[in-house]
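Here our numbering is used: position 560 in the sequence shown is 933, and no number is missing along the way.
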Amino acid sequence: MVRLGYRQRLSATYVLVVMISLLLITGCLTSAIHGHLVSRTDHELTTDAMLVAEVVRNMLVQTQSPAAIDLMADGLGAKTGLRVTVIAADGTVLGDSQGNPVSMENHGNRPEVLQAYRSGVGLITRYSVSLGSGLRYCAVPVTTSAGDVIGYVRVAASLAQVEQSSAAVRGFMLNAVGIAAIAGVALSLVLSKGISDPLKNMATAARAIARGDFSRKVRARSNDELGQLAEAFNHMARELEQSVGEISRQKNQMETILSAMADGVVAVDASQRILLVNQAACDMFGVRADQALNRHILEIVRNRDLADSLAIASAGSDDIRETTAQSPRALALRIHAAPISGASGSGVAGAVAVLQDVTDLRRLELVRQDFVSNVSHELRTPVTSIKGFADTLLDGAMEDGETLRRFLELIDREADRLAHIISDLLDLSRLECTNASMPLSPVMISDAAQRALEAVQSKAEGKSIQVLLQIPAELPAVQGDEPLIVQVLVNLLENAVKYTPDGGSIVVSASCVGATVRVDVADTGVGIPVEHLPRIFERFYRVDRARSRQLGGTGLGLSIVKHIVERHGGEAWASSVPGRGSTFSFTVPVWASSGHM
Numbered sequence: 374m375v376r377l378g379y380r381q382r383l384s385a386t387y388v389l390v391v392m393i394s395l396l397l398i399t400g401c402l403t404s405a406i407h408g409h410l411v412s413r414t415d416h417e418l419t420t421d422a423m424l425v426a427e428v429v430r431n432m433l434v435q436t437q438s439p440a441a442i443d444l445m446a447d448g449l450g451a452k453t454g455l456r457v458t459v460i461a462a463d464g465t466v467l468g469d470s471q472g473n474p475v476s477m478e479n480h481g482n483r484p485e486v487l488q489a490y491r492s493g494v495g496l497i498t499r500y501s502v503s504l505g506s507g508l509r510y511c512a513v514p515v516t517t518s519a520g521d522v523i524g525y526v527r528v529a530a531s532l533a534q535v536e537q538s539s540a541a542v543r544g545f546m547l548n549a550v551g552i553a554a555i556a557g558v559a560l561s562l563v564l565s566k567g568i569s570d571p572l573k574n575m576a577t578a579a580r581a582i583a584r585g586d587f588s589r590k591v592r593a594r595s596n597d598e599l600g601q602l603a604e605a606f607n608h609m610a611r612e613l614e615q616s617v618g619e620i621s622r623q624k625n626q627m628e629t630i631l632s633a634m635a636d637g638v639v640a641v642d643a644s645q646r647i648l649l650v651n652q653a654a655c656d657m658f659g660v661r662a663d664q665a666l667n668r669h670i671l672e673i674v675r676n677r678d679l680a681d682s683l684a685i686a687s688a689g690s691d692d693i694r695e696t697t698a699q700s701p702r703a704l705a706l707r708i709h710a711a712p713i714s715g716a717s718g719s720g721v722a723g724a725v726a727v728l729q730d731v732t733d734l735r736r737l738e739l740v741r742q743d744f745v746s747n748v749s750h751e752l753r754t755p756v757t758s759i760k761g762f763a764d765t766l767l768d769g770a771m772e773d774g775e776t777l778r779r780f781l782e783l784i785d786r787e788a789d790r791l792a793h794i795i796s797d798l799l800d801l802s803r804l805e806c807t808n809a810s811m812p813l814s815p816v817m818i819s820d821a822a823q824r825a826l827e828a829v830q831s832k833a834e835g836k837s838i839q840v841l842l843q844i845p846a847e848l849p850a851v852q853g854d855e856p857l858i859v860q861v862l863v864n865l866l867e868n869a870v871k872y873t874p875d876g877g878s879i880v881v882s883a884s885c886v887g888a889t890v891r892v893d894v895a896d897t898g899v900g901i902p903v904e905h906l907p908r909i910f911e912r913f914y915r916v917d918r919a920r921s922r923q924l925g926g927t928g929l930g931l932s933i934v935k936h937i938v939e940r941h942g943g944e945a946w947a948s949s950v951p952g953r954g955s956t957f958s959f960t961v962p963v964w965a966s967s968g969h970m
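Here it is in structure tokens:
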């Protein structure tokens, strides 16, 4: 299919307008001339019919024979060139200039006769097959002097002359239309060029602007509307360049903000199709942004809570709730969804949801609850024991010297245990106070390990446990607080001695790994099941609570180790093989003369 250019279409429009106008004029003029000729024919027929009516009135009044009336009609028709018909009041044809009245049917119901009866003159046009043209009939009543209708006179004339005159006018006008169309084509091509060329320049400039080339300008060649349009186009290009630049800057800023946000952001339209999603939200649900855009939220995120929250926001209401996501990892999410207003504030165009990862917060809440519960339990046990022993003594058991001594020893032991728990809690509190300063100095791991060994030597010897120090002499000093480093090693060694069977062994080794020193405390104890390893450094966490309490543990030693190591900028972890032993490891940065924490 050939597509016409603007110039061709403009020329065709000119020609079409001219042709339609001329055709309308031709139709109106032809119709007017035809109507005028028919009206003139009607006037002549009416005059002739009235004259014939005057002629036949006496014959009808005298009731002359139909033959005489028919003879008179023939004579009048021959003289006037019209078809003359005389009709009785009851519709019987009495005479006709072109037919035999005897064989003609009753004319009382002819339209022109009925119209003449009602209004005095009846004018009707009927097509004549034999003549090949229309016939105009005019009927008038024949009345007596008293006004009684005694018959009708009908005259008819062919409209062939009228049709020929109308056809001549129509042919002349159509020729004029053809000439005007040819002239219009030539003139429109000239005129349309002056309009189409500036428009082509504007279209070329518009395509360049669409590609980002805002330097293209349209030259105004005149001061008319096209010149004003060119100036307006150039002004629009300048404003558009500024607007696009501002939108681009805002878009970049928004993308930077969204990509830097730790919270996820998801925006959908009114039909719940994703319009925008940042990287944080993609990471939360394990999807890619290019896969998510323009797709329904439930196709991408299999989370009914998020879909329901966005649906509520799309209905115009804010919604806040929490949900969980299981893929690619288990997360606790807080959803805050709000509606997006449409253009000019017209209704709601969609919704946006901010997804906050509260997994750590919920985990910390659980840890806090566990901590409060564990502290309460750990403190209640020695306090209950002390209270029970004291009540027993007050009830009379103190009279028995042996019982008194045994109960006092138990009270002393429980008090020591209570003091130990409180001391560990204070140590943890001090370590968690990140604002507190910590004096740093070069610490030799071999010296710290030796001091820690001295602290647990007696306990190890009591269980025939051999403790070996395998620390290279060339190991560099670490950057830390020596008493705290010693406490880490003491806690790890005490823990190893407690859970290593009699006759076992413990090895303390160290090595330099990059800018840190790694220390390993390995034992041949009972080991730790793998499912407990991720939580082994939590406060009051015990693999075997009954055995740990029996061995005198508070459940805080490893937690203190973790906090001290992290305060030094290191890391602590554990590995174990149940039944074969455990290895507790930590790293500490190598000493730097100007380093401070």
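Where a beta carbon is used, it is the ideal one built from N, C-alpha and C, also for glycine.
Put residue i into one of helix, strand or coil per three-state DSSP.
i: residue 824; result: helix
i: residue 587; result: coil
i: residue 875; result: coil
i: residue 907; result: helix
i: residue 459; result: strand
i: residue 929; result: coil
i: residue 515; result: strand
i: residue 407; result: helix
i: residue 795; result: helix
i: residue 778; result: helix
i: residue 973; result: No answer is possible for residue 973: the residues shown for the chain start at 374 and end at 970.
i: residue 708; result: strand
i: residue 922; result: Only weak support exists for where residue 922 lies, its pLDDT of 48 falling under 50; the value from the coordinates is given anyway. In the structure shown, residue 922 sits in a helix (DSSP, three-state: H, G or I).
i: residue 422; result: helix
Give the straight-line distance between the Cα atoms of residue i and residue j, rounded to the nearest whole angstrom.
i: residue 849; j: residue 656; result: 41 Å
i: residue 538; j: residue 411; result: 11 Å
i: residue 780; j: residue 766; result: 8 Å
i: residue 726; j: residue 635; result: 14 Å
i: residue 737; j: residue 708; result: 19 Å
i: residue 604; j: residue 581; result: 17 Å
i: residue 897; j: residue 935; result: 22 Å
i: residue 876; j: residue 675; result: 57 Å
i: residue 692; j: residue 710; result: 5 Å
i: residue 690; j: residue 642; result: 15 Å
i: residue 620; j: residue 649; result: 16 Å
i: residue 434; j: residue 487; result: 21 Å
i: residue 929; j: residue 843; result: 27 Å
i: residue 835; j: residue 827; result: 13 Å
i: residue 893; j: residue 694; result: 46 Å
i: residue 698; j: residue 739; result: 18 Å
i: residue 884; j: residue 735; result: 38 Å
i: residue 467; j: residue 402; result: 42 Å
Tell me which residue opens and which closes the alpha helix (DSSP H) that residue i is part of.
i: residue 637; result: That residue, residue 637, is in no alpha helix (DSSP H); its beta strand (DSSP E) goes 637-642.
i: residue 487; result: 484-492
i: residue 444; result: 439-453
i: residue 677; result: 677-687
i: residue 664; result: 662-665
Using alpha carbons as the reference points, say which of the options lies closest to residue i.
i: residue 651; options: 514, 932, 660, 644; result: 660
i: residue 932; options: 874, 860, 616, 620; result: 860
i: residue 722; options: 703, 709, 686, 958; result: 686
i: residue 761; options: 938, 447, 788, 875; result: 788
i: residue 943; options: 825, 550, 711, 962; result: 962
i: residue 442; options: 451, 459, 454; result: 459
i: residue 831; options: 871, 483, 853; result: 871
i: residue 389; options: 592, 703, 453, 560; result: 560
i: residue 475; options: 671, 464, 521; result: 464
i: residue 417; options: 396, 532, 471, 398; result: 532
Return the bridge partner residues of residue i from the DSSP annotation.
i: residue 620; result: DSSP output for residue 620 lists no bridge partner at all.
i: residue 655; result: BP columns for residue 655 are empty, so no partner.
i: residue 815; result: 852
i: residue 892; result: 883, 959
i: residue 498; result: 509
i: residue 954; result: 950
i: residue 714; result: 721
i: residue 647; result: 641
i: residue 936; result: Partner(s): none; residue 936 has no beta bridge.
Could you pull the start and end residues of the beta strand (DSSP E) that residue i belongs to?
i: residue 729; result: 721-730
i: residue 524; result: 522-531
i: residue 469; result: 466-469
i: residue 839; result: 839-843
i: residue 698; result: 692-698
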